[in-house]
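Inspection log for the structure reproduced underneath, given as structure tokens.
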Amino acid sequence: GRNLAISSIVTLLALRYFYVQHQWQQNVQAEARARLRALQARIHPHFLFNTLNTIAGLIPVQPDCAEQAVLDLADLLRSALAHRESITLYEELELTRRYLAIERLRLGDRLRVDWRLDPDLPLDLPIPALLLQPLVENAIRHGIQHLPEGGTLTIQIEKRAAALRITVVNPQPDDSGEHPGAGQRIAQDNIRQRLQLAYRPPVPLAITEASNRYQVSFILPLPAPD
1 GRNLAISSIV
11 TLLALRYFYV
21 QHQWQQNVQA
31 EARARLRALQ
41 ARIHPHFLFN
51 TLNTIAGLIP
61 VQPDCAEQAV
71 LDLADLLRSA
81 LAHRESITLY
91 EELELTRRYL
101 AIERLRLGDR
111 LRVDWRLDPD
121 LPLDLPIPAL
131 LLQPLVENAI
141 RHGIQHLPEG
151 GTLTIQIEKR
161 AAALRITVVN
171 PQPDDSGEHP
181 GAGQRIAQDN
191 IRQRLQLAYR
201 PPVPLAITEA
211 SNRYQVSFIL
221 PLPAPD
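Laid out in structure tokens, this is it:
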């Protein structure tokens with residue numbers, strides 16, 4: 001009878017443990033989905049207004065550029081409404097390129113982009129959606145567009161033995177009257193928490209600030225080879 005009682009208690013504790021684990025996993029997944037949807041909903045009215053104004057100005061003089069801008073904007077809006085939790089690295093890069101094409105129409109030569117992509121990147125790698133594009137958007141909105149001469153945005157993806165290292169670097173004004181990087185926290189916190197939920201890295205998002213330079217980097221682990 002004593003052994004039966006002990007076995008019953010152990011069984012109940014094990015069932016309780018698995019139930020709590022299951023509930024925790026469900027909560028983690030729900031939180032990750034909620035954070036992604038919050039980020040997807042971050043379509044700035046000023047960005048839409050500026051883009052539509054730019055397109056309207058291009059229609060009579062450069063109709064082909066205006067048409068391409070409409071297509072790029074449509075893809076951005078489609079991504080915002082899709083609610084996909086995971087996309088490939090290639091899709092994230094294409095989304096970022098389309099966003100940059102629109103911003104380059106607005107900023108002209110003030111926006112220069114230095115892509116530093118390793119040649120053998122795993123473009124089919126599934127990653128959490130909207131990791132790179134929001135950081136690029138922050139780099140322009142809170143850095144380059146405030147500089148009269150503009151600046152160079154550097155996007156680097158390095159392939160290491162077991163991970164990818166993604167880095168975004170932008171110049172920023174050193175006398176803007178606000179703390180460097182102010183206004184970028186919402187998207188950064190969102191990305192940081194989603195990286196933590198997806199991969200549990202020790203440092204989800206590394207930020208390096210200087211008076212006129214801002215850098216954000218993060219690591220994406222690669223699957224172990226078969």
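So the sequence shown is numbered by my numbering: it starts at 1 and just counts up by one. Cβ atoms here follow ideal geometry from the backbone N, Cα and C, with glycine treated the same way. Since the model is a prediction, treat every value here as computed from it, not as a measurement.
Excluding sequence positions up to five before and after residue 192, its CB lies within less than 7 Å of the CB of 204, 205, all in the same chain and listed in chain order. Note on residue 7: under 16 other CB atoms within 10 angstroms of its CB, so exposed under the neighbour-count rule.
Straight-line measurement puts the Cα of residue 128 at about 15 Å from the Cα of residue 163. The beta-carbon distance between residue 166 and residue 153, rounded to whole angstroms, is 13 Å. This is too long to meet the 8 Å contact definition. Here DSSP, grouped into helix, strand and coil, assigns residue 148 to coil. Beta-bridge partners assigned by DSSP to residue 164: 159, 220. Closest option to residue 208, judged by alpha-carbon separation, among 121, 202, 169: 169. Taking C-alpha positions only, residue 73 is separated from residue 55 by approximately 10 Å. A direct Cα-to-Cα measurement between residue 123 and residue 117 gives close to 11 Å.
Counted as a single uninterrupted DSSP element, the beta strand (DSSP E) harbouring residue 116 occupies residues 111-117. If you draw a straight line from the Cα of residue 70 to the Cα of residue 88, it is about 23 Å long. Distance between residue 135 and residue 172, taken at the CA atoms: about 14 Å.
In the three-state scheme derived from DSSP, where H, G and I count as helix and E and B as strand, residue 103 is classed as helix.
Going by C-alpha positions, residue 48 is about 28 Å away from residue 195.
Taking C-beta separations shorter than 8 Å and ignoring five residues to either side along the sequence, the partners of residue 86 in its chain run 126, 127, 128, 129, following chain order. The C-alpha of residue 79 lies about 47 Å from the C-alpha of residue 11. For a cut-off of 8 Å, the C-beta gap from residue 65 to residue 105 is around 7 Å, short enough to register as a contact. If you draw a 10 Å sphere on the C-beta of residue 57, you find fewer than 16 other C-beta atoms in it, and that means exposed. In the assembly as shown, residue 140 is a buried residue. Its beta-carbon has 16 or more other beta-carbons within 10 Å.
When rounded, the separation of the alpha-carbon atoms in residue 217 and residue 62 is 37 Å.
In the DSSP assignment, residue 201 falls outside any beta strand (DSSP E), carrying neither H nor E. Taking each of 138, 150, 211, 146 in turn and checking the Cα distance to residue 186, the smallest one comes out for 138.
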